[in-house]
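Undergrad:
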Amino acid sequence: DLPGKPAEIQRGLSPRVAVSTVLKDATFVASIGRFRQPPDYQYLVDAAFDDTTRTGRFRQGNPALGYEDATQYEFSVRLRPSERVSLKTNLYVRRLDGLVASVPLGVDPDSSIFGNADAGTVKGLELIFDREFFQGWGVRLSYTLQNATATSSDAFFVRRALRVDPITGDTVIPAKVEFPLDYDRRHSFVAILSGTIPQSFGPRIGNATILGGLEGTAVVRAASGLPFSYVDPATDTIIGLPNEGRLPSISTVDLLIRRPLTIGRVGGSLYLDMRNLLNRRNTVAVRRDTGTPGATKAALKEMADSAYAAHPEPIPYESPRYRRWADLDNNGMVDGPAELNPLYLSAAQDYAQPLFAYGPPRLVRLGMEVRF
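Numbering of the sequence shown is given in the working numbering, commencing with residue 42 and proceeding in unit increments.
1) Assign residue 307 to buried or exposed, taking buried as 16 or more other Cβ atoms, counted over all protein chains shown, within 10 Å of its Cβ.
2) Between the C-alpha atoms of residue 372 and residue 385, what's the straight-line distance to the nearest angstrom?
3) Assess contact between the segment 163-173 and the segment 128-136, defined as three or more Cβ pairs (one per stretch) separated by less than 8 angstroms. Is contact present?
4) Identify every run of the beta strand (DSSP E) within the segment 89-141, keeping only runs that are complete inside it and at least 3 residues long; order them along the chain.
5) State the beta-bridge partners of residue 178 as determined by DSSP.
6) For residue 232 versus residue 182, is the C-beta spacing smaller than 7 angstroms?
7) What does the alpha-carbon distance come out to for the pair residue 394 and residue 336?
8) Does the separation of the CB atoms of residue 177 and residue 108 fall below 7 angstroms?
9) When we look at the beta-carbon of residue 83 and count the other beta-carbons within 10 Å, is it buried (16 or more) or exposed?
10) Are there three or more Cβ pairs, one per stretch, closer than 8 angstroms when the segment 271-280 is compared with the segment 324-331?
11) Please classify residue 346: does DSSP put it in a helix, a strand, or coil?
12) In three-state terms, what does DSSP make of residue 195?
13) If distances are taken between C-alpha atoms only, which option among 167, 80 and 407 comes closest to residue 298?
14) Might you give, ordered along the chain, the residues of its own chain that have their beta carbon closer than 6 angstroms to the beta carbon of residue 113, omitting 5 neighbours on each side?
15) What do you get for residue 67, buried or exposed, if any count of 16 or more other CB atoms within 10 angstroms of its CB means buried?
16) Taking only three categories from DSSP, how would you classify residue 417?
17) Taking the alpha-carbon of residue 400 as reference, which of 51, 360, 319 and 367 has the nearest alpha-carbon?
18) May I have the straight-line CA-CA distance separating residue 252 from residue 309, to the nearest angstrom?
19) Rounded to the nearest angstrom, what separates residue 42 and residue 230 at their Cα positions?
20) In this structure, does DSSP put residue 56 in helix, strand or coil?
21) Evaluate residue 51 with the Cβ neighbour count: other Cβ atoms within 10 Å of its Cβ, from every protein chain shown; 16 or more gives buried, anything less gives exposed.
22) Rounded to whole angstroms, what's the CA-CA distance from residue 120 to residue 184? Just pull it up for me.
23) Determine the extent of the beta strand (DSSP E) in which residue 295 is found, giving its start and end residues.
24) Could you check which residue in 116, 212, 152 and 88 has the C-alpha nearest to that of residue 167?
25) Restricting to Cα atoms, I'd like to know which of 325, 402, 390 and 241 is closest to residue 346.
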């Protein structure tokens, strides 16, 4: 077992002060607060990471970890141009301190302990337009511009940036530099549109109307991509700067249509729920070596060549791995690079399929709700 540390009692306050005033048809609100939260339990005990079959892949837990702190400055202006329309602008700056990080204990790259060593900064601007639901329709528009950086996004990452001064020969520890956080989504836009059709609208069947009372809500989302780091597949080391790459932007359109029903004393509704209505293929993950969802042709060929080099033995007719179409010379055996390489290439293509690289496809739900 790794040597432990005695637990300590941690106490803290999370004060927040706000002031508000009216400035000619606008309300101005300014606030400042300091918030503390305890670290996640996994950092208080010894934690394994990466491949645990490789000895020493553990971080020593630290039950004496302190609180993770956040100091927030927020300024907002709220306007109401009309009785049903409101505008809000919100500017915020958050300073993150004491984030959990891996602190080296010695020269061994796997000798480290969790500590409060990382810090970060989050800056953002939020714009909101809201038209209250009135006379059968309403709309809400929201746009967020954000920049979130920190010295690290991973508590298991050990920062070793020591270098030797070429003139003096002294060991130099460079200052910490902030990089984009994993959730640093620069642009985000959400539009929510709701509406109802009057009860008297449309053709009638008896005392009921077909389209009257129909309710609908559409949600449109668009956002820029999240950051990711390029990694050397041979050594698992980061290429370039952390979170230097960016995923493509994403967008979705969701639609919900509901028809209220009343049968006797029982109420309910029929609804049609459609997610990702346009069936857009959003990229949510990429390969860390190429920055694309799928492997390149060169990577697939390299995988196939490596497989052939490891197993060049022929496949006889009696083997369940024998394929008649791959036996080009009809000698009852799949052998040689001309016959085996296409099989290994097909296997590499199957293995490298980007199954989890894209978001959910179009989803349609038809249902009924009953209220008793």
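Note that beta-carbon positions come from the ideal geometry of N, C-alpha and C, so glycine has one too.
None of these values were measured; they are calculated from a predicted model.
TA: Answer, in terms of the structure:
1) exposed
2) 20 angstroms
3) yes
4) 109-120
5) 175 and 236
6) yes
7) For residue 394 and residue 336, the distance between alpha carbons rounds to 8 angstroms.
8) One thing to note: residue 177 has its Cβ no nearer than 7 angstroms to the Cβ of residue 108.
9) Exposed is the call here.
10) yes
11) helix
12) coil
13) 407
14) 74 and 135, listed in sequence order.
15) Residue burial annotation: residue 67 is exposed, with fewer than 16 other C-beta atoms found within 10 angstroms of its C-beta.
16) As displayed, the chain neither begins before 42 nor continues past 413, which places residue 417 out of reach and without an answer.
17) Of 51, 360, 319 and 367, the residue nearest in Cα terms is 319.
18) Between the alpha carbons of residue 252 and residue 309 lies a gap of roughly 16 angstroms.
19) Residue placement at residue 42 is flagged as unreliable, the pLDDT there being 49, under the threshold of 50; a coordinate-derived value is accordingly withheld.
20) coil
21) Exposed: under 16 other Cβ atoms inside 10 Å.
22) 16 angstroms
23) Residue 295 -> beta strand (DSSP E) spans 291-304.
24) 116
25) 390
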